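Following: one structure in structure tokens, then a few remarks.
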Amino acid sequence: MINVPANDHGAIYVLELNRPAPDGLDDKTDAAMMAVFGNVVLNTDYVDAITPGLLVDMSLPDFIRNGYDMPVSDIQAENLRRLIGTVVLVMSAAFRDGAINIDLPSDVRLVMVLRETPTMAAPRPITTDSAFGTVPQKRKKPSDAAMSGRVATYALLVLFALVAVMIWIAG
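Mapping the sequence shown onto the working numbering, position 17 (from 1) lands on 81, and the numbers just tick up by one.
Here it is, written out as structure tokens:
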């Protein structure tokens, strides 16, 4: 039985067929998918059938590491190397983000579920005073440039007022 949680992401379900592969499994026909999974609707773009004995240049663990960019531990690699029959790899995207329980036929076995390891690190604790709700109350002294700007602004306002008064008197 496979229990797929809702919104499952980044997982590969590795299944082993303990019988000859059904006709059409390589082409992912509906009849072949029903023979492996039963009456379950899958997105077959995310399902692959592999016969490990036919992989010439690499082992099944290397195929998963390189082809799916999925980390495989040494223990998992050893278990994958022991598989002889047809292996069906089902990515979690095949289940279309819904929670599903799949009763597998007796001659289909769930070998393992491979998952991506999260790359996020735990955040560092913040130890500043403001993190504890204490905000420093001390104000900084304005810089010389800020003071010069303020003086120039006041001088321009005074000159504007003086020009306005002269125009009013002349007018």
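A virtual CB, placed ideally from N, CA and C, is assigned to each residue, including glycine. This one's a predicted model, so the numbers in the text were calculated from it and none came from an experiment.
Whole angstroms is fine: what's the gap from residue i's alpha carbon to residue j's?
i    : j    : result
K202 : A234 : 50 Å
Y110 : D193 : 51 Å
G88  : L124 : 21 Å
R129 : L144 : 12 Å
G74  : A195 : 35 Å
I148 : M65  : 21 Å
A216 : F224 : 12 Å
S156 : P187 : 28 Å
D90  : V136 : 24 Å
P116 : A185 : 36 Å
L220 : T198 : 40 Å
T108 : I114 : 14 Å
K92  : M98  : 10 Å
L119 : F127 : 9 Å
G213 : P206 : 11 Å
V154 : T191 : 45 Å
Y218 : W232 : 21 Å
D94  : A141 : 30 Å
A210 : P189 : 36 Å
Exposed or buried, residue i, counting other C-beta atoms within 10 Å across all chains shown (16 or more means buried)?
i    : result
I139 : exposed
L79  : buried
D112 : buried
D208 : exposed
M230 : exposed
V227 : exposed
Below 8 Å on the Cβ atoms is my contact criterion, and I expect residue i with residue j to pass it. Report the Cβ-Cβ distance as a whole number of Å.
i    : j    : result
L178 : I76  : 4 Å
A85  : T150 : 4 Å
L81  : V172 : 6 Å
V152 : V100 : 6 Å
Taking the alpha carbon of residue i as the reference point, which residue from the options has its own alpha carbon closest?
i    : options                   : result
A158 : L119, P189 and V105       : V105
T181 : E142, D90 and M134        : M134
D121 : D112, A113 and G131       : G131
A70  : A163, N107, D90 and Y218  : A163
N103 : L118, R214, L226 and I166 : I166
D72  : M211, S170, V222 and R160 : R160
Going along the chain, which unbroken runs of the alpha helix (DSSP H) with 4 or more residues stay wholly within the stretch 85-153?
Fully enclosed alpha helix (DSSP H) runs of 4 or longer: 94-101, 124-132 and 138-145.
*asked:* For a minimum of 4 consecutive residues, which ranges assigned as the alpha helix (DSSP H) are wholly contained in the stretch 187-219?
replied: The qualifying runs do not exist here; there are none.
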